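There are 4 protein chains.
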Amino acid sequence: MPVATAVQDPEKRQAILKASIEVFAQQGFGGADVEVIADRAGVGKGTVYRYFGNKRDLFLATADAGMRMLEASILEAIDGVEDPVETIRRSGNAYGEFFRKHPRFVEILILERAEFRGSIPDTHLVYRAKNRGVLDEIIKQGIRDGVFRNLDVHEATNAFANLLFGTVVTGCIEGASGKLGQAIENAVDIYIHGILIRPKAEAT
Amino acid sequence: MPVATAVQDPEKRQAILKASIEVFAQQGFGGADVEVIADRAGVGKGTVYRYFGNKRDLFLATADAGMRMLEASILEAIDGVEDPVETIRRSGNAYGEFFRKHPRFVEILILERAEFRGSIPDTHLVYRAKNRGVLDEIIKQGIRDGVFRNLDVHEATNAFANLLFGTVVTGCIEGASGKLGQAIENAVDIYIHGILIRPKAEAT
Amino acid sequence: MPVATAVQDPEKRQAILKASIEVFAQQGFGGADVEVIADRAGVGKGTVYRYFGNKRDLFLATADAGMRMLEASILEAIDGVEDPVETIRRSGNAYGEFFRKHPRFVEILILERAEFRGSIPDTHLVYRAKNRGVLDEIIKQGIRDGVFRNLDVHEATNAFANLLFGTVVTGCIEGASGKLGQAIENAVDIYIHGILIRPKAEAT
Amino acid sequence: MPVATAVQDPEKRQAILKASIEVFAQQGFGGADVEVIADRAGVGKGTVYRYFGNKRDLFLATADAGMRMLEASILEAIDGVEDPVETIRRSGNAYGEFFRKHPRFVEILILERAEFRGSIPDTHLVYRAKNRGVLDEIIKQGIRDGVFRNLDVHEATNAFANLLFGTVVTGCIEGASGKLGQAIENAVDIYIHGILIRPKAEAT
DNA sequence: CATGAATGAGCCTTCATTCAT
DNA sequence: TATGAATGAAGGCTCATTCAT
């Protein structure tokens, strides 16, 4: 007899995760009713539990799925780009664009931070840790090339991530997502100027 | 049904708010038990309800009390300072310092954003709106003085607030608050360089 | 030192009873809030307890006060009347008139029956027992005089009381009290015909 | 949120209603604890809520179920009977008999009147309205046949219902139900004499 | 495997009652 | 004596989780 984690239908799994994002984002973690998620996914409540174990793990899987998508979006956006400044700009825009397209997902991020602070390695930070290497490398390269100021690379990367995070969090409230793109562009612009050795300041 | 009636003992009110911050920060909104808050405050459960009406309003009052303190801290830190750059630096540092001293309160901010997204005017944003005029003015002045680039003032202010917010949110997880001061300083440094017309880049 | 049942201000007592009727009638026993009664009476909650001991006893005192008034109304209405038929008719009309003027009080009666069924000697029945002698005597007299059928007097008295009670209970719902007088008259008419030896049937 | 969804086990539903009558009748509406009802019914508290939504609706359903039984009892008792007098007598006796067999249910009636006065169409009156046509017709027929006095039919029907109601309400307190049959018979007797054109008074 | 009816722990909230002032 | 702030027991209701079908 195989363990409980037997064969699972990937489509069903996706349907549950999709419903999950919506319901969690709309109702919060405490406010979300697993039954509602099951209904929206078109499966029985028991199936949700079979696939994800419990509400908490379902939520975490939802957050993880979102982060995976975000990660992919960004990596795709910067794939093949050589110029450090352009890379940073594009990754920032991709970040913003992702949340503009999936505003629900900002809630998930917030929720995770709010409900599971510290109790688990925060998905957002896990992914940041995983992917920071890419950005670290870009910034290091820029410093080496004399394009960027001689910053603490780790801190500079964090600042970028925090700026983006803060921007989507306050920028995704209600239908305000329309202005999110603009807000991100301005934020990225300031950030880039902030790390450039000789920003083309006057030009802007 | 009294709503927020009568003479209330300010000490008791404070005790409840203090317990409130701790319990909400540690357990989340849904996870917090009003009885626990009452116990920690050394009052009966009924008293909490007498003072704050219901759990939600207790939470909101908690958030508001925190924001009031934050606001005061920042205004005090920049009081009398003339130089725009210095004002920005100090307000950023005051922001960071506040959350370093009251790390619990970051959780309250997050929680509010998470639980009441949209349903109420977010305390954080209300205070931002209320106080942004100060920063707007500083930036405008800097632009007029030729110190800052010709930015969209509103966006620049937002970027600053978002950067700080993002920094404390990711910087206040678990005992990491030790490094929060450093993170804030780096973030502020990048921000200031990002808006200066001619940053003393090489000097850093 | 005198016992707790010390000096009491009769006006205060009346004020409390008056408020009591309204609040209990409107909110039911469980739904009534002693604080509201105290407020309406213009006294402190503690005073209500000082005067009546507890909610239950307050309610019972309220019911008793009402019954006392009803009793007085009826006795006054039949005072000096000799004719048995007329006496019955008048007592019935006085009963109806009382509840038409104090519709709130029907609720008290119902409530008492509903909340304290059996647990206490029902005020309504206590008063019925106390006053039935009067009606019993009238009916006995009528039988002796050959005016009324040879009925079981006790049962006949009960039937009269039950008929009146049933009529006000269903007749006092909502603003229907306007028709209560009519309903009582019709009920009394049928009752009297029902006990008369030779009703002047055709005349009606 | 399901309201009264899905396939429900009729046996379970009945068990809950049965427990409901007992507990409400014994404890009153406010005094009844839904958990006790659940326990007596041999189901979980959640099941009660699943089946009936909330305490109030459970109570109303209980009242309705009782009225349905009462209605059936009476209709069965008068089925096929032609004589108006006999029909009235039988329906009165059936009414009494029903409450003699289910004395608990009188409490439900009282409770409903007490707790929900006006807030809902009183079940008792709803059923009265629904079934009054039957009695109205009988009395009309009697009047047409010259058997009954020329009464206001509507009022006469009401008087009958009120008399019966008053009788069971005061007759069903505690173990007094033994005498209820007798009380009803006497009441019905007086009523019938009260509406007959020429009651066979002397014969009784 | 899938389902959803059943469960009961958990928690918010109310309000009768007390008692310090 | 009067007050009303404080208390905490009590109970309605929800919803995560289980498990019989």
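Top to bottom, those sequences are chains W, C, U and Y. Position in the first sequence (from 1) plus 494 gives the number in this note's numbering. Position in the second sequence (from 1) plus 494 gives the number in this note's numbering. Position in the third sequence (from 1) plus 494 gives the number in this note's numbering. Position in the fourth sequence (from 1) plus 494 gives the number in this note's numbering. We put the CB at the ideal spot given by N, CA and C, even for glycine. Just so you know, these numbers come straight off a predicted model, no measurement behind them.
*asked:* Could you compute how far the alpha carbon of residue 680(W) sits from the alpha carbon of residue 686(C)?
replied: Residue 680(W) sits at position 186 when you count from the first residue of the first sequence. Residue 686(C) sits at position 192 when you count from the first residue of the second sequence. If you take the alpha carbons of residue 680(W) and residue 686(C), they lie about 14 Å apart.
*So with Cβ pairs under 8 Å, would you call residue 593(U) a contact of chain Y?*
Position 99 of the third sequence, counted from the first residue, corresponds to residue 593(U). By this cut-off, residue 593(U) is not an interface position.
*Separation of residue 566(U) from residue 514(U), as counted between CA atoms*: Taking the first residue of the third sequence as 1, we reach residue 514(U) at position 20. Taking the first residue of the third sequence as 1, we reach residue 566(U) at position 72. Distance between the alpha carbons of residue 514(U) and residue 566(U) is about 20 Å.
_residue 707(W) versus residue 588(C): straight-line alpha-carbon distance, rounded_ = Shown here, chain W extends from 495 to 698; a query on residue 707(W) therefore has no answer.
_Meets three-Cβ-pair contact criterion under 8 Å: the region 529-547 of chain W and the region 616-634 of chain W_ = no
*Could you tell me which residues DSSP puts in a beta bridge with residue 642(W)?*
Position 148 of the first sequence, counted from the start, is the residue given in the question as residue 642(W). 690(W), per the DSSP bridge assignment.
*The alpha helix (DSSP H) with residue 565(C) in it runs from where to where?*
As a first step, residue 565(C) is located in the second sequence; it is residue number 71 there, counting from the start. In the DSSP annotation of this structure, the continuous segment of the alpha helix (DSSP H) that includes residue 565(C) starts and ends at 549-572.
*Which full runs of the alpha helix (DSSP H) of 4+ residues lie inside the region 510-547 of chain Y, going along the chain?*
528-535 and 539-546
*asked:* Please report the straight-line C-alpha distance between residue 696(C) and residue 690(W), rounded to a whole angstrom.
replied: Working through the second sequence from its first residue, we reach residue 696(C) at position 202. Working through the first sequence from its first residue, we reach residue 690(W) at position 196. Model confidence at residue 696(C) stands at a pLDDT of 46, short of 50, so the residue's coordinates are unreliable; what they give is reported in the following sentence. Their backbone Cα atoms lie some 10 Å apart in a straight line.
*Around the Cβ of residue 618(C), are there at least 16 other Cβ atoms within 10 angstroms (buried) or fewer (exposed)?*
Residue 618(C) sits at position 124 when you count from the first residue of the second sequence. Around the beta carbon of residue 618(C), a 10 Å sphere encloses 16 or more other beta carbons of the protein chains shown; the residue is thus reported as buried.
_For residue 621(W), would you say it is in contact with chain C, using Cβ-to-Cβ distances shorter than 8 Å as the test?_
Locating residue 621(W) in the first sequence gives position 127, where the first residue counts as 1. Not one chain C Cβ lies under 8 Å of residue 621(W).
*Find out if the Cβ-Cβ distance for the pair residue 699(C), residue 660(W) is shorter than 8 Å.*
Only positions 495 to 698 of chain C appear in the structure, and residue 699(C) is not among them; the question remains open.
_Give me the chain U residues within the contact set of residue 705(Y), using Cβ-Cβ distance strictly less than 7 Å, ordered along the chain._
Outside the shown range of chain Y, which is 495 to 698, sits residue 705(Y), and nothing can be said about it.
*Excluding the 5 residues preceding and the 5 following residue 572(W) in the sequence, name in chain order all residues of the same chain whose CB lies nearer than 6 Å to its CB.*
Counted from its first residue, the first sequence places residue 572(W) at position 78. Around residue 572(W): 581, 584 and 585.
*When the Cα atoms are used, what is the spatial distance from residue 562(C) to residue 601(W)?*
The residue labelled residue 562(C) in the question sits at position 68 within the second sequence. The residue labelled residue 601(W) in the question sits at position 107 within the first sequence. Looking at the two C-alpha atoms, the distance is approximately 25 Å.
*Under the rule that 16 or more other beta-carbon atoms within 10 Å means buried, what is residue 594(Y), buried or exposed?*
What you label residue 594(Y) is simply residue 100 of the fourth sequence in a count that begins at 1. Residue 594(Y) comes out buried.
*Using CA coordinates, which residue listed in 521(C), 511(C) and 654(C) is at the minimum distance from residue 579(C)?*
Taking the second sequence and counting its residues from 1, one reaches residue 579(C) at position 85. Closest option to residue 579(C), Cα to Cα, is 654(C).
*Can you find a C-beta in chain Y that's less than 8 Å from the C-beta of residue 599(U)?*
Here residue 599(U) refers to the residue found at position 105 of the third sequence. With respect to chain Y, the C-beta atom of residue 599(U) has no partner C-beta closer than 8 Å.
*asked:* Strictly below 8 Å CB to CB, what residues from chain C border residue 631(W)?
replied: Counting from one through the first sequence, the residue named residue 631(W) turns up at place 137. Going along chain C, no residue has its Cβ under 8 Å from residue 631(W), so there is no contact; the nearest lies around 18 Å.
*Could you tell me if the beta carbon of residue 564(W) falls within a distance shorter than 7 Å of some heavy atom in the ligand GTP?*
By its list of ligands, the structure shown contains no ligand whatsoever, and the ligand GTP lies outside what it can speak to.
*Please say whether residue 603(W) and residue 556(W) have beta carbons closer to each other than 8 Å?*
Translated into the one-based positions of the first sequence, residue 556(W) becomes position 62. Translated into the one-based positions of the first sequence, residue 603(W) becomes position 109. No, the Cβ-Cβ distance between residue 556(W) and residue 603(W) is not below 8 Å.
*Would DSSP call residue 597(Y) helix, strand or coil?*
What you label residue 597(Y) is simply residue 103 of the fourth sequence in a count that begins at 1. Looking at residue 597(Y) - three-state DSSP - the assignment turns out to be coil, as it is neither helix nor strand.
*Note down, in chain order, each residue of its chain lying with its Cβ closer than 7 Å to the Cβ of residue 674(W), except the 5 sequence neighbours on either side.*
As a position in the first sequence, residue 674(W) is number 180, starting the count at 1. Once the five neighbours on either side are set aside, the close Cβ partners of residue 674(W) are 590, 593, 594, 662, 665 and 666.
*Counted within 10 angstroms of its Cβ, other Cβ atoms place residue 564(C) as buried (16 or more) or exposed*: Counted from its first residue, the second sequence places residue 564(C) at position 70. Under this definition residue 564(C) is a buried residue.
_Contact list for residue 589(U) against chain Y, beta-carbon separation under 7 Å_ = The residue you call residue 589(U) lines up with position 95 of the third sequence. Residues of chain Y passing the Cβ test: none, with the nearest at roughly 12 Å.
*Nearest chain Y C-beta to residue 580(U) closer than 8 Å, yes or no?*
Against the third sequence, residue 580(U) aligns to sequence position 86. False, the Cβ-Cβ gap to chain Y never drops below 8 Å.
*Min CB distance residue 556(Y) to chain U below 8 Å*: In the fourth sequence, counting from the first residue as 1, residue 556(Y) sits at position 62. For residue 556(Y), not one C-beta of chain U is nearer than 8 Å to its own C-beta.
*asked:* Give me, in chain order, the residues of the same chain whose beta-carbon lies closer than 8 Å to that of residue 506(C); leave out the 5 immediate sequence neighbours on both sides.
replied: Here residue 506(C) refers to the residue found at position 12 of the second sequence. Closer than 8 Å at the Cβ level, and outside the excluded window around residue 506(C), lie 535, 537, 541 and 545.
*Residue interval of the alpha helix (DSSP H) (run including residue 659(Y))*: Taking the fourth sequence and counting its residues from 1, the one referred to as residue 659(Y) is at position 165. Taken as a continuous stretch (DSSP letters only), the alpha helix (DSSP H) holding residue 659(Y) covers 647-665.
*What whole-angstrom Cβ distance do residue 522(Y) and residue 609(U) have, given they're in contact under 8 Å?*
By one-based count along the fourth sequence, residue 522(Y) stands at place 28. By one-based count along the third sequence, residue 609(U) stands at place 115. That pair is a contact at about 5 Å.
*asked:* Are the CB atoms of residue 559(Y) and residue 652(U) within a distance shorter than 8 Å?
replied: One-based indexing of the third sequence puts residue 652(U) at position 158. One-based indexing of the fourth sequence puts residue 559(Y) at position 65. Going by C-beta atoms, residue 652(U) is not nearer than 8 Å to residue 559(Y).
*Indicate whether at least one CB of chain W lies closer than 8 Å to the CB of residue 651(C).*
By one-based count along the second sequence, residue 651(C) stands at place 157. Chain W contact via Cβ: absent.
*Say whether chain W places a C-beta atom closer than 8 Å to the C-beta of residue 660(C).*
Sequence index remark: in the second sequence, residue 660(C) carries index 166 (1-based). For residue 660(C), at least one C-beta of chain W is nearer than 8 Å to its own C-beta.
*On a CA-only basis, which of 605(U), 509(U) and 576(U) is nearest residue 520(U)? Give me that one, please.*
As a first step, residue 520(U) must be located in the third sequence, where it is residue number 26. That would be 605(U), whose Cα lies nearest to the Cα of residue 520(U).
*Thinking C-beta only, is residue 688(C) closer than 8 Å to residue 684(W)?*
In the first sequence, the residue the question calls residue 684(W) occupies position 190. In the second sequence, the residue the question calls residue 688(C) occupies position 194. Yes, Cβ-Cβ distance for residue 684(W) and residue 688(C) is below 8 Å.
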